[in-house]
Amino acid sequence: MIWVSWRQHRSQAIACLALLAALAVYAILLGSSMRSAFSHDGLAACLARSQGISCPAAISAFMNEFGSAVNIAFWAVLLIAPGLLGVLIGAPLIARELEYGTWRLAWSQTVPRTRWLAAKLALVTGGLVVLGAAMTAVITWYRAPMDRLTGHFLHNIYDFEGPVLTAYILCAFGFAVLAGLLLRRSIPAMIAAFIPWLAIRLVVEFLLRPNFQAPLTFRQYCANGCSGDNGIGAVPPLTGHIGDWVLGQPAGQSGSQFVRILYQPADRFWHFQFIEAGLFLALTAAALGATVWLLHRRAA
Amino acid sequence: MTQDDAGGSAPALRADRLGRRYGHVWGLRGCTLEVPAGAIAGLVGPNGAGKTTLLEMIIGLLEPTEGQVSVFGVTSRSHVAARLARVGYVAQDHPLYRDFSVADMFRLGRAMNPSWDQGLAQARMGALGIPLKRKVKTLSGGQRAQVSLTMALAKRAPLLVLDEPVSSLDPVARLEFMREVMASAADTGLTVVIASHVVSELERLCDWLIVLTGGRVQVAGPVDDLLAGHRLLTVPRATPDAELPGLPIHRTDSDRHSAVVVRADLALLAAHQRPGWQADPVGFEQLVMAYLQRRPQTAAADDTVPAAARPGLAAKEVTR
Chain A
95 MIWVSWRQHR
105 SQAIACLALL
115 AALAVYAILL
125 GSSMRSAFSH
135 DGLAACLARS
145 QGISCPAAIS
155 AFMNEFGSAV
165 NIAFWAVLLI
175 APGLLGVLIG
185 APLIARELEY
195 GTWRLAWSQT
205 VPRTRWLAAK
215 LALVTGGLVV
225 LGAAMTAVIT
235 WYRAPMDRLT
245 GHFLHNIYDF
255 EGPVLTAYIL
265 CAFGFAVLAG
275 LLLRRSIPAM
285 IAAFIPWLAI
295 RLVVEFLLRP
305 NFQAPLTFRQ
315 YCANGCSGDN
325 GIGAVPPLTG
335 HIGDWVLGQP
345 AGQSGSQFVR
355 ILYQPADRFW
365 HFQFIEAGLF
375 LALTAAALGA
385 TVWLLHRRAA
Chain B
19 MTQDDAGGSA
29 PALRADRLGR
39 RYGHVWGLRG
49 CTLEVPAGAI
59 AGLVGPNGAG
69 KTTLLEMIIG
79 LLEPTEGQVS
89 VFGVTSRSHV
99 AARLARVGYV
109 AQDHPLYRDF
119 SVADMFRLGR
129 AMNPSWDQGL
139 AQARMGALGI
149 PLKRKVKTLS
159 GGQRAQVSLT
169 MALAKRAPLL
179 VLDEPVSSLD
189 PVARLEFMRE
199 VMASAADTGL
209 TVVIASHVVS
219 ELERLCDWLI
229 VLTGGRVQVA
239 GPVDDLLAGH
249 RLLTVPRATP
259 DAELPGLPIH
269 RTDSDRHSAV
279 VVRADLALLA
289 AHQRPGWQAD
299 PVGFEQLVMA
309 YLQRRPQTAA
319 ADDTVPAAAR
329 PGLAAKEVTR
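Respectively, the protein sequence lines represent chains A and B.
Okay, so the first sequence: first residue is 95 according to our numbering, each after it adds one.
Okay, so the second sequence: first residue is 19 according to our numbering, each after it adds one.
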């Protein structure tokens, strides 16, 4: 069965390796120039000395050079990339058999269809875990200098530098496998899986994640009254500690000289990663479990 | 409900009040029949009659809504693998993985069937001149059909189920395909169930007949018994059905006479013989056509007589 699954997913595996290789080449090129700029500008020493307060010009020069390429262009693509990858591989897994009528061949062999599905899911899921882990490693490596300025907690960084990336891919995959069984067509299954995946992904990112744990409060003194700008994304953040995630001000503060700022401290990063990865893996398990159950009792 | 009588004595195929509903519509209902080991059974019916539904329930691709079906005594869903191992299946249009080579298909067969006979598979491809390295998508329709058949045969299952195996093939490929089926059946004592609407094809091959229309079994039994149990009566057109001996299956009226296929044995016919009536033996195709054209209400009327294979019994009920 391992051979059968491998033979059927061989071309997908090759395409994924090509994708990973392209990402690695890009990362190595950009990552090494970022590394040399980082040491050339003396940023490491400045960070060690003062959390970056003493060298704002060097920081903004570095951010201007690399920040846009890293943050904006990549984020939009990479927001949807794990979902696209998951649905492209997941949707045809069953739907293609139904579309081409080969389910009659596959499920009339001596191996029962639930074992057929279990073997395929085990192999493909394993492949996606390896792929997700490799992508996480590549992205984490090349962004390392940037992360020393910004920490790991910002949206565009958090999503790609921990187990959540793999969990996003697996979740889209699971949704698509289930949709493929229900809709019996690959393309509609891709769409039907991607939309809820993206919705859940955005809800988790912007509504749930800031509250996985109750945020801490930082009191800031502003001699001239505080401006509306609470410095989200500034280096260092208002809390003065690189890596803290400043969420903003709670509502209803008058223009006093003290302003309270909500933030998640940097050391909660892994805790948050595991909570969020667990959430998406639970959704994956539910979708794949439902698929196995439906296929077992399915009758048409 | 595990294994009814899993022994050599179990029929190759037994269906007991088998039914399958799709939403509100019954695709097949009240299907009771038995096919003994070693039979070559033809399953005839128009499109949508429930042939594929019946076959898919035999294989286990489809679960019955009611009733049950057993293959060599294996009934239950808990014996899925045992059931699957007993049936070789050639689906309509011979589905294969297009980007696989023939060798890949066989490797899949070997990986998914413990009893796979690789020697048989390769020998058949050699004899048919189909190179193992060829990709499935480059094969002709007839070659694809042969690869499908080989997959089913190399599984070494005692029951071979063929769903419209030749409807997409040209006449030569048809002939070759059926010749291979018959040769394998003769060699290994396979039981074969062939669904087809090419009636003339079945006449040459089958010793068992099942006619299915509108989701109902119209008649099922050994071909010889069925032919012996039916007659073509030619009677004056004015004769009402009620006066005919046995069970009228289908009536064709011409200007002055009516030709009626009736289910009745010879003794009954002799007792009802009247001047001006003529009784002739029916042919295979005539018999099948009579049942295919039978009006649905008459089919429903004798639901309680699944054993249409026993014409004497059926005739008695009607004449009582």
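Don't be surprised by glycine CBs; every beta carbon is placed ideally from N, CA and C.
These figures come from a predicted structure and were not determined experimentally.
Pairwise C-alpha distance: residue j and residue i
i              : j              : result
S148 (chain A) : C140 (chain A) : 7 Å
F352 (chain A) : A360 (chain A) : 23 Å
R27 (chain B)  : R313 (chain B) : Correcting the residue identity first, residue 27 (chain B) is Ser in this sequence and not Arg. Spanning the two alpha carbons is a distance of roughly 37 Å.
A213 (chain A) : F90 (chain B)  : 29 Å
V184 (chain B) : L373 (chain A) : 52 Å
D111 (chain B) : V386 (chain A) : 27 Å
L377 (chain A) : D225 (chain B) : 55 Å
T50 (chain B)  : I108 (chain A) : 51 Å
D205 (chain B) : G56 (chain B)  : 11 Å
P282 (chain A) : A203 (chain B) : 44 Å
H215 (chain B) : G177 (chain A) : 47 Å
V271 (chain A) : L173 (chain A) : 21 Å
A293 (chain A) : A175 (chain A) : 14 Å
L245 (chain B) : R162 (chain B) : 36 Å
G184 (chain A) : A138 (chain A) : 43 Å
L276 (chain A) : P186 (chain A) : 12 Å
F300 (chain A) : N250 (chain A) : 12 Å
T231 (chain B) : P64 (chain B)  : 7 Å
C110 (chain A) : M229 (chain A) : 11 Å
V62 (chain B)  : G106 (chain B) : 20 Å
A317 (chain B) : V237 (chain B) : Low confidence applies here, because A317 (chain B) scores a pLDDT of 46, under 50, leaving its location unreliable; read the following figure in that light. The straight-line gap from Cα to Cα measures roughly 10 Å.
S126 (chain A) : F160 (chain A) : 12 Å
Proximal residues to residue i (C-beta, below 7 Å), its chain only, five neighbours per side dropped
i              : result
W100 (chain A) : L217
V297 (chain A) : none
E191 (chain A) : W197, A200
G322 (chain A) : In this prediction, G322 (chain A) has a pLDDT of 49, which is less than 50 and means its spatial position is unreliable; what the coordinates show is noted afterwards. Closer than 7 Å at the Cβ level, and outside the excluded window around G322 (chain A), lies no residue.
A227 (chain A) : T260
Best match in the options for proximity to residue i [C-alpha to C-alpha]
i              : options                        : result
V119 (chain A) : A:Q102, A:V232, A:E193, A:Q106 : A:V232
I267 (chain B) : B:D259, B:P258, B:V279         : B:V279
G78 (chain B)  : A:L248, A:W201, A:T260         : A:W201
G289 (chain A) : A:M95, A:V181, A:I122          : For the record, residue 289 (chain A) in the displayed sequence is Ile; it is not Gly. Closest by alpha carbon: A:V181.
P54 (chain B)  : B:P176, B:D181, B:L305         : B:P176
R142 (chain B) : B:F195, B:F118, B:G63          : B:F195
Y315 (chain A) : A:L124, A:L332, A:R303, A:P257 : A:L332
F368 (chain A) : A:W339, A:V258, A:L389, A:V98  : A:V258
I188 (chain A) : A:S280, A:L225, A:V224, A:N250 : A:S280
T168 (chain B) : B:K155, B:T156, B:L150         : B:L150
R380 (chain A) : A:A308, A:F312, A:F269, A:L114 : Here residue 380 (chain A) turns out to be Ala, not Arg, going by the sequence shown. Out of A:A308, A:F312, A:F269, A:L114, A:F269 has the C-alpha closest to the C-alpha of A380 (chain A).
L187 (chain B) : B:G159, B:L171, B:T209         : B:G159
D241 (chain A) : A:I153, A:R209, A:F306, A:R295 : A:I153
G247 (chain B) : B:A201, B:R197, B:V300         : B:V300
Short Cβ contact (8 Å threshold) for residue i with residue j
i              : j              : result
G264 (chain B) : A277 (chain B) : no
W291 (chain A) : A266 (chain A) : yes
A99 (chain B)  : T204 (chain A) : yes
V241 (chain B) : L227 (chain B) : yes
R104 (chain B) : V120 (chain B) : no
L310 (chain B) : V253 (chain B) : no
K69 (chain B)  : A285 (chain B) : no
F132 (chain A) : P239 (chain A) : yes
A139 (chain B) : F124 (chain B) : yes
L178 (chain B) : G60 (chain B)  : no
L80 (chain B)  : R38 (chain B)  : yes
R278 (chain A) : L389 (chain A) : no
Own chain partners of residue i with C-beta closer than 6 Å, once the 5 adjacent residues on each side are dropped
i              : result
L179 (chain A) : I263
R269 (chain B) : S276, V278
R8 (chain B)   : Residue 8 (chain B) lies beyond the range of chain B shown here (19 to 338); nothing can be said about it.
G245 (chain A) : I336, G337, A360
A371 (chain A) : P257, V258, A261
Per-residue burial, residue i [other beta carbons within 10 Å of its own, 16 or more giving buried]
i              : result
H42 (chain B)  : exposed
P329 (chain B) : Summary for P329 (chain B): the model assigns pLDDT 39, below 50, so the residue's position carries little reliability, and this model does not support an answer.
K173 (chain B) : buried
S166 (chain B) : buried
Y236 (chain A) : buried
D298 (chain B) : exposed
G233 (chain B) : buried
L68 (chain A)  : Shown here, chain A extends from 95 to 394; a query on residue 68 (chain A) therefore has no answer.
I122 (chain A) : exposed
Sequence-distant residues of the same chain with beta carbon closer than 8 Å to residue i, five excluded per side
i              : result
Q145 (chain A) : P330, G334, H335, I336
L155 (chain A) : According to the sequence shown, residue 155 (chain A) is Ala rather than Leu. Answer for A155 (chain A): D135, listed in chain order.
8 Å Cβ cutoff, residue i in contact with chain C
i              : result
L248 (chain A) : Checking the listed chains, one finds no chain C in this structure; the protein chains it contains are A and B.
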